[in-house]
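Numbering (this note's numbering), first residue to last: 118 to 278. Report on the following structure.
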C-alpha cells in the first residue's frame, strides 16, 4: 500500500508548536555583547546597539538594538524586568530558530513575544505568522495572526500485502 501526502498550504489563526531542544532557565545570568552601550541614568535603562548578542543558557538572541529595562523590588534589589530587541531579531534555541522585526523578553514570566513577519524554522519545516509567544520554561511556542506552513509530501510503502 502506498500513501502520498500532497504539499498544501495550511493557514490558521493560531498554532502551538514545540520550541528548542531543551527547556531554558530564565533565572540564569544574561550575557550581553554589542558594539556600543548607552546608559540612561534617569530611568536606569541600558541601550545596546550594533551586533547585539544575548546569551542565556541554551538561548541566543541577536538584534541590531536591545533596550534593557530594569526594575527594583520591595527589598531594593535591582534586576532585569525585560529586554526589547529590534532590527533583524533572531532567536535560536537548540535546532530551532525564529526571525522577527521585534522581540520583547519578559524575564519573570520566561516569555519572549516576537512580532512582525515572524518566521520559525524547525528542521525541514517552517511556519510564518505575525506574532509568536515563546515560553522558555515549557519549551513551547504559540503563533497567531495568519499562521502559514507548507506540509511536505511523503510516501510510505508497506510491502506486507
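By construction, the Cβ of each residue, glycine as well, lies at the ideal position given by its N, Cα and C atoms.
Assuming residue i and residue j make a contact with CB atoms under 8 Å, what is their CB distance in whole Å?
| i | j | result |
| --- | --- | --- |
| residue 150 | residue 182 | Not a contact, Cβ separation roughly 13 Å. |
| residue 250 | residue 230 | 5 Å |
| residue 184 | residue 162 | 6 Å |
| residue 213 | residue 239 | 5 Å |
| residue 152 | residue 168 | 5 Å |
Taking the alpha-carbon of residue i as reference, which of the options has the nearest alpha-carbon?
| i | options | result |
| --- | --- | --- |
| residue 141 | 261, 226, 161, 241 | 226 |
| residue 145 | 214, 212, 220, 171 | 171 |
| residue 166 | 246, 201, 216, 223 | 201 |
| residue 244 | 216, 220, 164 | 216 |
| residue 83 | 237, 270, 176, 205 | Nothing in the structure corresponds to residue 83, since the chain is present only between 118 and 278. |
| residue 207 | 199, 218, 198, 197 | 218 |
| residue 267 | 195, 236, 257, 158 | 236 |
| residue 256 | 161, 147, 209 | 209 |
| residue 196 | 270, 221, 147, 156 | 147 |
| residue 136 | 261, 270, 252, 158 | 252 |
Count the other C-beta atoms from every protein chain shown that fall within 10 angstroms of the C-beta of residue i, then say buried if there are 16 or more, exposed otherwise.
| i | result |
| --- | --- |
| residue 187 | exposed |
| residue 124 | With a pLDDT of 32 at residue 124, under the threshold of 50, the predicted position of this residue should be treated as unreliable, though the coordinate-derived value follows. Exposed. |
| residue 193 | exposed |
| residue 133 | exposed |
| residue 260 | buried |
Would you mind listing the beta strand (DSSP E) stretches within the segment 183-269 that are 3+ residues and don't spill past its ends, in chain order?
195-210, 213-223, 228-239, 242-252, 257-267
Runs of 3 residues minimum, wholly inside the segment 130-173: which ones carry the beta strand (DSSP E) assignment?
148-150, 153-156, 163-173
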